[in-house]
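Peer 1: Just passing along the structure, written as structure tokens.
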Amino acid sequence: MTEHPEKWEAQVRKGCLELAILAALWRGRLYGLEILRLLEDGSNLIVAEGTVYPLLSRLKAEGLIESEWVESEGGHPRKYYWLTKAGRQRGMAMAGFWAEFAASLGTLIQPLLGGKSQHGKAL
Amino acid sequence: MTASNDSTQLMEYYLGRLRRSMEGFPAAEREEIVAEIRSHITERSLVDGVVDPRRVRETLEALGRPEEIASQYRTDALLTRAAGSHSPWVLLRATLRWAMLGAKGFGIFMIAVTGYTMAAAFFVCAILKPFFPDNIGLWVGPSTGFSMGFRTAHDGPASELLGHWLPLVAMVLGLLAIMGTTHALRALIRRSGRAQPRWRAE
Numbered sequence: 000m001t002e003h004p005e006k007w008e009a010q011v012r013k014g015c016l017e018l019a020i021l022a023a024l025w026r027g028r029l030y031g032l033e034i035l036r037l038l039e040d041g042s043n044l045i046v047a048e049g050t051v052y053p054l055l056s057r058l059k060a061e062g063l064i065e066s067e068w069v070e071s072e073g074g075h076p077r078k079y080y081w082l083t084k085a086g087r088q089r090g091m092a093m094a095g096f097w098a099e100f101a102a103s104l105g106t107l108i109q110p111l112l113g114g115k116s117q118h119g120k121a122l
Numbered sequence: 000m001t002a003s004n005d006s007t008q009l010m011e012y013y014l015g016r017l018r019r020s021m022e023g024f025p026a027a028e029r030e031e032i033v034a035e036i037r038s039h040i041t042e043r044s045l046v047d048g049v050v051d052p053r054r055v056r057e058t059l060e061a062l063g064r065p066e067e068i069a070s071q072y073r074t075d076a077l078l079t080r081a082a083g084s085h086s087p088w089v090l091l092r093a094t095l096r097w098a099m100l101g102a103k104g105f106g107i108f109m110i111a112v113t114g115y116t117m118a119a120a121f122f123v124c125a126i127l128k129p130f131f132p133d134n135i136g137l138w139v140g141p142s143t144g145f146s147m148g149f150r151t152a153h154d155g156p157a158s159e160l161l162g163h164w165l166p167l168v169a170m171v172l173g174l175l176a177i178m179g180t181t182h183a184l185r186a187l188i189r190r191s192g193r194a195q196p197r198w199r200a201e
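Here it is as structure tokens:
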């Protein structure tokens, strides 16, 4: 085990968050909280929820997503986001890379998941 | 309705801290960010259509410190602004911030510091030459090699090459150092992909 497993996990999460957001927006327009809920469902992608908003702002600055304020029925405004053409392309490229990457790493780490070392000692 | 007032106060306190941490942002941009976080807190805290005080507390905790959120916005905004700026001050501040994030940023910050320090040294030479005509110059000598700066007779024999031309030459070299450093930094920041010019966000 590394000395700071939490730090490594946080970096992996951070690195994948961009792809996760692009993937969440694949199905259409969503506002920030909807994106967060999608990411939360059955995953531990998010540490601090506040990190999603600056990332959305950066994706917008990069031209990958667009946004618009819409008044909700409840009376308070929501900022909706959707993918641009460049965003869809980036999302597909990232997803392709990720699938290949995860598959090869998955094969490699298979023995570790049994929790036994080569010497047959339980960890 | 004291509970509801409390939670409103708590939310306003949080948003106030966020707003204060984002000093220096264009007002419109800052208020839009605050509005988006406000919308998040409000909707996240609704229970049966009413803002629930306990949920407000949980929501704020899940969001993380407002200073941390502001800091993430700021890093990206600074780099975006720096990529389009010619001001050494803006570029130094942006790269210093970047330096705290990793090795690449640190390397680029060192380029910024070295380049601008060199430019400053040329300007100082140009300005001080009239006051120390015998000590400041472009020196050639066995111990100095070839260098511009301040030296006294104690530093060994050396001859000065520029004379009255020194202030002008030093000024030009200083300007070239500033322009070169600025140009290199802007190119490095743009190439990093962390800061895309706004006009691409069509």
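Heads up: the sequence lines are chains A and B, in that order. Under numbering that gives the first Met the number 0, the first residue of the first sequence is numbered 0, with each subsequent residue one higher. Under numbering that gives the first Met the number 0, the first residue of the second sequence is numbered 0, with each subsequent residue one higher. Heads up, the beta-carbon is just placed ideally off N, CA and C, and yes, glycines get one too.
1. Need the endpoints of the alpha helix (DSSP H) that Leu-44 of chain A sits in, please.
2. Kindly list, in the order they appear in chain A, the residues whose Cβ is closer than 8 Å to that of Asp-75 of chain B.
3. Strictly below 9 Å CB to CB, what residues from chain B border Arg-89 of chain A?
4. Would you mind working out which of A:Asp-40, A:Glu-33 and A:Leu-44 sits nearest His-39 of chain B, comparing C-alpha positions?
5. Assuming Tyr-72 of chain B contacts Ile-32 of chain B (C-beta within less than 8 Å), just tell me the rounded distance between them.
6. So with Cβ pairs under 7 Å, would you call Gly-14 of chain A a contact of chain B?
7. Nearest by alpha-carbon distance to Met-178 of chain B: which of B:Leu-90, B:Ala-102, B:Ala-27 and B:Leu-78 is it?
8. Where does Pro-25 of chain B sit, in a helix, a strand or coil, going by DSSP?
9. Is Leu-78 of chain B near Ala-93 of chain B, with beta carbons less than 7 Å apart?
10. Return the CA-CA distance between Glu-48 of chain A and Leu-184 of chain B, expressed in angstroms with no decimal places.
11. Within 7 Å (strictly less), CB to CB, does Ala-47 of chain A reach chain B?
12. Residues of chain A with CB closer than 8 Å to the CB of Arg-43 of chain B, please, in chain order.
13. Please state the DSSP three-state secondary structure of Arg-190 of chain B.
14. Rounded to the nearest angstrom, what separates Tyr-12 of chain B and Val-55 of chain B at their Cα positions?
15. Within the same chain, show all residues whose beta-carbon is closer than 8 Å to that of Ser-158 of chain B, passing over the 5 residues directly before and after it, in chain order.
16. Provide the residue span of the alpha helix (DSSP H) that contains Leu-104 of chain A, from first to last.
17. Quick one: Cα of Ala-119 of chain B to Cα of Gly-136 of chain B, how far?
18. What number of angstroms, rounded off, separates the C-alpha of Arg-26 of chain A from the C-alpha of Ala-92 of chain A?
19. For Phe-149 of chain B, which beta-bridge partners are listed by DSSP?
20. Consult DSSP for Leu-9 of chain B and reduce its assignment to one of helix, strand or coil.
21. Quick one: what does DSSP say Gly-31 of chain A is sitting in, helix, strand or coil?
22. When DSSP labels each residue in this structure, what does Gln-195 of chain B get in the three-state scheme?
23. Quick one: what does DSSP say Gly-179 of chain B is sitting in, helix, strand or coil?
24. By the DSSP assignment, the alpha helix (DSSP H) with Ser-70 of chain B in it spans what residues?
25. Could you check what DSSP says for Lys-78 of chain A in three-state terms: helix, strand or coil?
26. Quick one: residues in its chain with C-beta nearer than 7 Å to the C-beta of Leu-161 of chain B, no 5 flanking neighbours on either side, listed in chain order?
27. DSSP three-state call for Arg-18 of chain B: helix, strand or coil?
28. Tell me which same chain residues have a C-beta within less than 6 Å of the C-beta of Trp-198 of chain B, skipping the five on either side of it?
29. Which residues in the same chain as Glu-70 of chain A place their Cβ atom closer than 7 Å to its Cβ, once the five residues preceding and following it in sequence are excluded?
30. With Ser-66 of chain A as the anchor, note down where its beta strand (DSSP E) starts and where it stops.
31. Can you tell me whether Leu-29 of chain A is buried or exposed, with buried defined as 16 or more other CB within 10 angstroms of its CB?
Peer 2: So, to answer that:
1. Leu-44 of chain A -> no alpha helix (DSSP H), and no H or E assigned at all.
2. Here the neighbours are Pro-53, Ser-56, Arg-57 and Ala-60.
3. What Arg-89 of chain A touches in chain B: nothing, since even the nearest Cβ is about 11 Å away.
4. The shortest C-alpha separation from His-39 of chain B is found at A:Glu-33.
5. Contact flag correct, Cβ pair sits at about 6 Å.
6. Judged by the 7 Å Cβ criterion, Gly-14 of chain A is not in contact with chain B.
7. If you compare the alpha carbons of B:Leu-90, B:Ala-102, B:Ala-27 and B:Leu-78 with that of Met-178 of chain B, the shortest gap goes to B:Leu-90.
8. Per DSSP, reduced to three states, the secondary structure at Pro-25 of chain B is coil, with no helix or strand assignment.
9. In this structure, Ala-93 of chain B lies closer than 7 Å to Leu-78 of chain B by Cβ.
10. Per the coordinates, the alpha-carbon of Glu-48 of chain A lies some 33 Å from the alpha-carbon of Leu-184 of chain B.
11. It does: the Cβ of Ala-47 of chain A has a partner Cβ on chain B nearer than 7 Å.
12. The answer, in chain order, is Leu-32.
13. Helix, per DSSP.
14. About 12 Å.
15. Here Ser-158 of chain B has Trp-138, Val-139 and Gly-140 as same chain residues with Cβ atoms under 8 Å from its own Cβ, once five neighbours each way along the sequence are excluded.
16. Segment 84 to 112, the alpha helix (DSSP H) holding Leu-104 of chain A.
17. The alpha-carbon of Ala-119 of chain B is positioned some 16 Å away from that of Gly-136 of chain B.
18. Looking at the two C-alpha atoms, the distance is approximately 17 Å.
19. Residue pairing by DSSP puts Phe-149 of chain B in a beta bridge opposite B:Ile-135.
20. The three-state reading of DSSP puts Leu-9 of chain B in helix, counting H, G and I together.
21. The answer is helix: DSSP assigns Gly-31 of chain A an H, G or I state.
22. Residue placement at Gln-195 of chain B is flagged as unreliable, the pLDDT there being 44, under the threshold of 50; the coordinate-derived value follows with that caveat. Correct three-state label for Gln-195 of chain B: coil.
23. Gly-179 of chain B falls in the helix class under three-state DSSP.
24. Membership of Ser-70 of chain B in the alpha helix (DSSP H) is indicated by the continuous run 65 to 82.
25. Here Lys-78 of chain A sits in strand by DSSP.
26. Non-local C-beta neighbours of Leu-161 of chain B in its own chain, meaning closer than 7 Å and more than five positions away in sequence, comprise Gly-136, Leu-137 and Val-168, ordered along the chain.
27. Arg-18 of chain B falls in the helix class under three-state DSSP.
28. In this predicted model, Trp-198 of chain B has a pLDDT of only 35, less than 50, meaning its place in the structure is not dependable; the value taken from the coordinates is given anyway. Taking Trp-198 of chain B as the centre and dropping the five residues before and after it, the same chain places no C-beta closer than 6 Å to its C-beta.
29. So the qualifying residues of the chain are Pro-76.
30. That run of the beta strand (DSSP E) goes 64 to 70.
31. Here Leu-29 of chain A is buried. Its C-beta has 16 or more other C-beta atoms within 10 Å.
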